[in-house]
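In full-length UniProt numbering, the protein residues as written are 1 to 268. Just so you know, even glycine gets a beta-carbon here, dropped at the ideal spot from N, CA and C. Treat the numbers as computed from the prediction; the structure is a model and nothing was measured. Working notes, structure below.
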């Protein structure tokens, strides 16, 4: 990571609110990077941590790390006023960015229109896609196209469409033939943290060169195969019974011509 004179590039710290839904591991690493000597020291300040699920212990872990308890909050995604509750909390802190770090609820459009939202991401996205499902979907996609491709880990802006916002920073990692989805997820865990921290560093030092949304398929044919790979992943890792699964995608003829543009979208 390039060393930069912080005082010259940043007159005040970038204020962020971290949104979590699980244990908040990435949020913790972001907070740790802000401590003296850390990559984000003097550049970024997490002013609040908000969870959609207080039963998992993400807020408690942040407090154990030394984060102020009075700056941790829970907003129930089951509440009829979920969007307004979230807006009210965010207005208290007036952040420069709201960072979805393992945030599972769909953020209502009126909320992400009121603030600048960022999202951490790995591999194929979409509703109900997280954890090993993303890894397996990418591996299955590579199997369907008959070619191994690196998986993207990136930070992007949040828009009304799933994963359609501009990319702040992206990094591509190889998946090896002998690895399982669980093994890949474990290996990429720490890399994912570093990618999000580096994205914040670029934002705080004014070095971001935004690019179009990361795209894994390179043709319409591959887009259809990715849809099938995502469906296969949802079948391998079933949804909770309380969730409504997406409609089944019509099987795609994978014996069709498999010619495709082999370019990869790479981000600075």
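Within a Cβ cutoff of 6 Å, which residues of the same chain sit near residue 18, ignoring the five residues on either side of it in sequence?
Closer than 6 Å at Cβ, skipping near neighbours: 27, 46, 49, 99 and 101.
Less than 8 Å between the CB atoms is what I'm expecting for residue 269 and residue 106, so what's the real figure, rounded?
This structure cannot settle anything about residue 269, because the visible part of the chain is limited to 1 through 268.
Inter-stretch contact (C-beta, 8 Å, three-pair minimum) for the region 61-72 and the region 213-232
The region 61-72 vs the region 213-232: no contact.
Close beta carbons around residue 139, own chain, < 7 Å, minus the five adjacent residues each side:
175 and 181.
Is residue 184 closer than 9 Å to residue 216 when the C-beta atoms are compared?
Using a Cβ distance threshold of 9 Å, residue 216 and residue 184 do not count as a contacting pair.
Close-in-space but distant-in-sequence residues of the same chain around residue 290 (CB under 6 Å, 5 per side omitted):
Here the chain covers residues 1 to 268 and nothing more, so residue 290 does not appear.
Segments assigned alpha helix (DSSP H), at least 4 residues, entirely inside the region 65-130
The region 65-130 contains these whole alpha helix (DSSP H) runs: 82-93 and 109-112.
Residue 155 to residue 12, Cα distance in whole Å?
Between residue 155 and residue 12, the C-alpha separation is close to 22 Å.
Answer with buried or exposed for residue 68, where buried requires no fewer than 16 other C-beta atoms within 10 angstroms of its C-beta.
So residue 68 ends up on the exposed side.
Beta bridge counterpart(s) of residue 156 as assigned by DSSP:
According to DSSP, residue 156 bridges with 119 and 167.
Roughly how many angstroms lie between the CA atoms of residue 29 and residue 228, to the nearest whole one?
When only Cα atoms are considered, residue 29 and residue 228 end up about 34 Å apart.
Burial state of residue 165, where buried means 16 or more other Cβ atoms lie within 10 Å:
Per the 10 Å Cβ criterion, buried.
Going straight from the alpha carbon of residue 205 to that of residue 145, what length do you get?
Their backbone Cα atoms lie some 39 Å apart in a straight line.
For residue 188, I'd like the list of residues in its chain whose CB is within less than 7 Å of its CB, leaving aside the five on either flank, ordered along the chain.
The beta carbon of residue 188 sits closer than 7 Å to those of 122, 153 and 173, all from its chain and outside the five residues before and after it, given in chain order.
Taking 9 Å as the cut-off, decide whether the C-beta atoms of residue 111 and residue 168 are in contact.
Contact: no.
So is residue 212 buried or exposed if we call it buried at 16+ other beta carbons inside 10 Å?
With fewer than 16 other Cβ atoms within 10 Å, it is exposed.
Within the same chain, show all residues whose beta-carbon is closer than 6 Å to that of residue 53, passing over the 5 residues directly before and after it, in chain order.
In chain order, 21 place their CB closer than 6 Å to the CB of residue 53, counting only its own chain and leaving out the 5 sequence neighbours on each side.
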